[in-house]
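Undergrad: Taken in order, the sequence shown gives residues 4 to 259; the numbers are from the numbering used here. All C-beta atoms, glycine included, are put in the ideal place defined by N, C-alpha and C. These numbers come from a predicted model, not from an experiment. Take this structure, written in structure tokens, and hold onto it; I'll ask about it next.
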Amino acid sequence: MPKARARYDTLTEESLARIDDEIGLIEQKGFSGYFLVARDIIKYDRRMGISAQGRGSAVSSAVAICPRDNPCRPDTVKLFVGRFLNELSIPDIDIDIATNRREEVIRYVYDTYGRDRAAMVYTHVTFQGSSAIREVGKVLGLLAYALDRMAKTTSAYGGHGAIESLKEVPEFRSYLDYGVWEHFSRMCTQISDFPRHLSIHVGGMIITPRPISEIVPREHARAEGRIVCQWDKDSVDDAGLIKFDLVGSENAFAYR
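What follows is the structure in structure tokens.
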């Protein structure tokens with residue numbers, strides 16, 4: 004309790020009971036390692052002078068605020084424990100890190116926990132309105148200047164509505180229903196939301212107790228030393244793997 008006593012001006016029976024309840028729930032759900040790893044990353048940031056702070060529901064729990072991972076104190080705003088930790092969902096701790104030093108933190112996680120047990124989470128970029136117009140038109144050999152105008156003109160984000168929105172524009176209405184342009188229109192609609200290419204999640208990393216390759220396929224990313232698991236964030240959650248979000252932020256600051 005030393006950190007709790009240092010954090011709270013007065014440790015009341017209510018505060019102690021809250022901390023005990025949270026610790027019991029954390030142990031019951033097997034989340035001790037999650038909180039300790041998040042704490043380790045934040046400690047590294049502060050040790051290296053990197054502006055960073057925890058964010059998310061769980062980081063404002065009584066347990067997490069004791070070591071000053073967050074300035075919020077749940078006892079002062081009377082929020083119930085289920086707001087931060089509950090039996091139905093995985094706790095949420097994002098770590099906002101100064102953008103220009105985020106790569107240092109990612110390297111620290113790899114070096115500390117091992118490239119066989121740490122990996123970035125992948126995401127897939129899908130065809131949307133403007134990208135479908137450009138890519139399909141390029142394959143069909145259509146006029147580049149016309150495709151550029153269409154991509155910049157469409158008012159729909161998704162491919163399903165992109166062509167319909169273009170048909171409302173007199174410049175394009177006259178020929179989208181004819182010849183190769185009709186084929187172009189149909190293909191743009193058909194590939195809407197299809198995967199276009201793989202990318203790396205904006206900040207998600209998983210750390211596993213045993214080699215990641217025993218759980219999920221992995222691959223080397225283009226960046227040197229970076230490993231990516233071949234599941235997206237939803238698949239990672241479905242499999243019960245806990246994800247840490249190391250998010251670059253221009254406004255990150257260190258709470259001390």
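So, with DSSP's three-state summary, where would you put LYS170?
TA: One-based indexing of the sequence shown puts residue 170 at position 167. Here LYS170 sits in coil by DSSP.
Undergrad: Please report the Cβ distance between GLN233 and ARG221, rounded to the nearest whole angstrom; I am assuming they are in contact, meaning their Cβ atoms lie under 8 Å.
TA: Counting from 1 along the sequence shown, the entry for residue 233 is found at position 230. Counting from 1 along the sequence shown, the entry for residue 221 is found at position 218. Sure, about 6 Å apart at Cβ, within 8 Å.
Undergrad: Kindly indicate which residue of ILE166, ALA20, VAL219 and SER252 has the alpha-carbon position closest to the one of ARG120.
TA: Within the sequence shown, numbered from 1, the residue matching residue 120 stands at position 117. Checking every option, the nearest Cα to that of ARG120 belongs to VAL219.
Undergrad: For ALA165 versus ILE203, is the C-beta spacing smaller than 8 Å?
TA: Reading the sequence shown from its first residue, position 162 is the one you call residue 165. Reading the sequence shown from its first residue, position 200 is the one you call residue 203. Going by C-beta atoms, ALA165 is not nearer than 8 Å to ILE203.
Undergrad: Let me make sure I understand the geometry here. Which of ILE109, ALA61 and GLY36 has the alpha-carbon closest to that of ILE22?
TA: Residue numbering aside, residue 22 sits at position 19 when the sequence shown is read from its first letter. When only C-alpha atoms are compared, the closest one is ALA61.
Undergrad: Between the C-alpha atoms of ARG259 and LEU150, what's the straight-line distance to the nearest angstrom?
TA: Here the question's residue 259 lines up with position 256 in the sequence shown. Here the question's residue 150 lines up with position 147 in the sequence shown. Note on ARG259: pLDDT 42, under 50, position unreliable in the model; the coordinate value appears next. Their backbone Cα atoms lie some 53 Å apart in a straight line.
Undergrad: Given a cut-off of 8 Å on the beta-carbon distance, is the pair LYS236 and GLY207 in contact?
TA: Counting from one through the sequence shown, the residue named residue 236 turns up at place 233. Counting from one through the sequence shown, the residue named residue 207 turns up at place 204. In this structure, GLY207 lies closer than 8 Å to LYS236 by Cβ.
Undergrad: With distances taken between CB atoms, is the gap from ASP48 to ALA41 smaller than 8 Å?
TA: Position 45 of the sequence shown, counting from 1, holds the residue named residue 48. Position 38 of the sequence shown, counting from 1, holds the residue named residue 41. No, Cβ-Cβ distance for ASP48 and ALA41 is not below 8 Å.
Undergrad: State the start and end residues of the unbroken beta strand (DSSP E) segment that holds GLY207.
TA: Mapped onto the sequence shown, residue 207 falls at position 204. Looking at the DSSP string, the run of the beta strand (DSSP E) that includes GLY207 is 198 to 210.
Undergrad: So PHE249 packs on ILE100, CB below 8 Å; how close in whole Å?
TA: Reading the sequence shown from its first residue, position 246 is the one you call residue 249. Reading the sequence shown from its first residue, position 97 is the one you call residue 100. Checking the sequence shown, residue 249 turns out to be Leu, not Phe. That pair is a contact at about 6 Å.
Undergrad: Alpha carbons only, please: which of ALA122, LEU143, LYS155 and TYR181 is nearest the one belonging to GLY132?
TA: Position 129 of the sequence shown, counting from 1, holds the residue named residue 132. Measuring from the Cα of GLY132, the nearest candidate turns out to be LYS155.
Undergrad: With a cut-off of 8 Å on the beta carbons, I'd call VAL128 and CYS191 a contact; round off their distance for me.
TA: Against the sequence shown, residue 128 aligns to sequence position 125. Against the sequence shown, residue 191 aligns to sequence position 188. In fact, because the Cβ distance is near 16 Å, the residues do not count as touching under 8 Å.
Undergrad: Does DSSP put TYR181 in a helix, in a strand, or in coil?
TA: Here the question's residue 181 lines up with position 178 in the sequence shown. The answer is coil: DSSP assigns TYR181 none of H, G, I, E or B.
Undergrad: Of the choices ALA65, TYR113 and SER134, whose alpha-carbon is the least far from that of THR15?
TA: If you number the sequence shown from 1, residue 15 lands on position 12. Of ALA65, TYR113 and SER134, the residue nearest in Cα terms is ALA65.
Undergrad: Inspect the beta-carbon positions of ILE98 and ILE53 and report whether they are closer than 8 Å.
TA: Position 95 of the sequence shown, counted from the first residue, corresponds to residue 98. Position 50 of the sequence shown, counted from the first residue, corresponds to residue 53. For ILE98 and ILE53, no; Cβs fall outside 8 Å.
Undergrad: To the nearest angstrom, how far is the alpha carbon of ARG105 from that of ILE230?
TA: Mapped onto the sequence shown, residue 105 falls at position 102. Mapped onto the sequence shown, residue 230 falls at position 227. The alpha-carbon atoms of ARG105 and ILE230 are separated by roughly 16 Å.
Undergrad: Excluding the 5 residues preceding and the 5 following ASP196 in the sequence, name in chain order all residues of the same chain whose CB lies nearer than 6 Å to its CB.
TA: Looking up residue 196 in the sequence shown gives position 193. Closer than 6 Å at the Cβ level, and outside the excluded window around ASP196, lie THR129.
Undergrad: Considering THR2, what are the terminal residues of the alpha helix (DSSP H) in which it resides?
TA: Since the first residue of the chain shown is 4 and the last is 259, residue 2 is not available in this structure.
Undergrad: Please find out if some non-hydrogen atom of the ligand FAD comes closer than 7 Å to the beta-carbon of GLY33.
TA: Although the ligand FAD was asked about, the structure shown includes no ligands whatsoever.
Undergrad: On the DSSP letters alone, give me the boundaries of the beta strand (DSSP E) that LEU39 sits inside.
TA: Position 36 of the sequence shown, counted from the start, is the residue given in the question as residue 39. Element bounds for LEU39: not the beta strand (DSSP E) but the alpha helix (DSSP H), 35 to 50.
Undergrad: Where does LYS141 land, buried or exposed, given buried means 16+ other C-beta within 10 angstroms?
TA: What you label residue 141 is simply residue 138 of the sequence shown in a count that begins at 1. Answer is exposed; the Cβ neighbour count stays below 16.
Undergrad: Between the beta-carbon of PHE38 and the beta-carbon of ALA67, is there less than 8 Å?
TA: As a working note, residue 38 is residue 35 in the sequence shown. As a working note, residue 67 is residue 64 in the sequence shown. Contact: yes.
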